[in-house]
Amino acid sequence: MVGIVSSVLATSRRAAPVQFSLTSRANGVHFRYSPHFSLSRTRQILLVREYSQPSHQTPSGERDKAAVGVFTPKAAAIFIATGVALFLYFRNEKVKLQEQREKEREDAEVGRPHVGGPFSLMTHENKPFTEKDLLGKRPADKQYGPIVQPIFISVDPARDSIAQVARYVSEFHPRLIGLTGDYGTVKATCKAYRVYFSTPPDAKADDDYLVDHSIFFYFMDPNGGFVDAFGKASAVEDVVARVQKEIGVWEEKTGRKV
Numbered sequence: 012m013v014g015i016v017s018s019v020l021a022t023s024r025r026a027a028p029v030q031f032s033l034t035s036r037a038n039g040v041h042f043r044y045s046p047h048f049s050l051s052r053t054r055q056i057l058l059v060r061e062y063s064q065p066s067h068q069t070p071s072g073e074r075d076k077a078a079v080g081v082f083t084p085k086a087a088a089i090f091i092a093t094g095v096a097l098f099l100y101f102r103n104e105k106v107k108l109q110e111q112r113e114k115e116r117e118d119a120e121v122g123r124p125h126v127g128g129p130f131s132l133m134t135h136e137n138k139p140f141t142e143k144d145l146l147g148k149r150p151a152d153k154q155y156g157p158i159v160q161p162i163f164i165s166v167d168p169a170r171d172s173i174a175q176v177a178r179y180v181s182e183f184h185p186r187l188i189g190l191t192g193d194y195g196t197v198k199a200t201c202k203a204y205r206v207y208f209s210t211p212p213d214a215k216a217d218d219d220y221l222v223d224h225s226i227f228f229y230f231m232d233p234n235g236g237f238v239d240a241f242g243k244a245s246a247v248e249d250v251v252a253r254v255q256k257e258i259g260v261w262e263e264k265t266g267r268k269v
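Using the numbering used here, you'd call the opening residue of the sequence shown number 12 and step up by one each time.
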């Protein structure tokens, strides 16, 4: 409650006391007039203003606190600590994932047969061809275009001349490369790739003999490493799925598109 007192001095010839009051309902304000006359002919008027309702004012400190909200130094410390903990957690999980992938790759290498090696043969176009010509490519299915290279190696060099191999590969995809060579070179190549075949070492083109051989085709990676072998019982869908999977693994491992 706030009181305002004003005093006014006046002179009056009469000393009779008079009392009255005035009430105003506007804005909840009440006025009380209390005149008092003294014997010394001095009149003092006291005016008191009373507020029926106290005013509500928000201190500046409370306004600042409301503007800031609940973001106190303690909350800031909790926020920073939580962020650091999340960062360390996800970084640790990333390291674990990388280690797991490396382990899976190492496990995939364990027990993998040693297949492949250097060779030097002639193509059906009478051009030299070695294992280095396959580096950076995949000797596999034709659907991947230039990123794969299908090749065929004859195991009957006595009768499969360059011209004969050229006629044979013409029945297949135009990107198929046919390879042949002398008996010793073909034999060494087949041994490196674990291919079995049996023909007379001194056979002639007009000799009558049978050729016995294993029926496999090998899937090699762009580095010349062995990936898988498929026999005649392999379904096309299975081979395609295997090739697609290996290409995905290679791209993830090297970070390069093939």
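Note that CB positions come from ideal geometry on N, CA and C, so glycine has one too.
Remember, predicted model here, so these are calculated numbers, not experimental data.
Opposing strand residues paired with residue i [DSSP bridges]
i      : result
Gly189 : Phe163
Ala240 : Tyr229
Phe140 : Leu132
His224 : Phe208
Integer-rounded CB distance, given that residue j should sit under 8 Å from residue i
i      : j      : result
Phe230 : Glu248 : With a Cβ gap of about 15 Å, Phe230 and Glu248 do not count as contacting.
Pro129 : Glu142 : 5 Å
Leu146 : Phe163 : With a Cβ gap of about 19 Å, Leu146 and Phe163 do not count as contacting.
His125 : Gly189 : That pair is no contact at about 26 Å.
Asp239 : Trp261 : That pair is no contact at about 13 Å.
For residue i, the three-state DSSP class (helix, strand or coil)
i      : result
Ala96  : helix
Leu132 : strand
Phe183 : coil
Ile258 : helix
Arg253 : helix
Gly266 : coil
Lys107 : helix
Pro168 : coil
Leu146 : coil
Ile56  : Unreliable placement is indicated for Ile56, whose pLDDT of 46 sits below 50; the coordinate value is still reported in the next sentence. Here Ile56 sits in strand by DSSP.
Ala87  : helix
Ala37  : Per-residue confidence for Ala37 stands at a pLDDT of 47, beneath the threshold of 50, marking its modelled position as unreliable; the derived number appears in the next sentence. Three-state result, Ala37: helix.
Lys198 : helix
Val176 : helix
Ala203 : helix
Val126 : coil
Proximity below 8 Å, CB of residue i to CB of residue j
i      : j      : result
Phe208 : Asp218 : no
Pro211 : Thr191 : no
Gly266 : Gly127 : no
Val206 : Ser225 : yes
Arg178 : Ala216 : no
Phe241 : Val250 : yes
Val166 : Cys201 : yes
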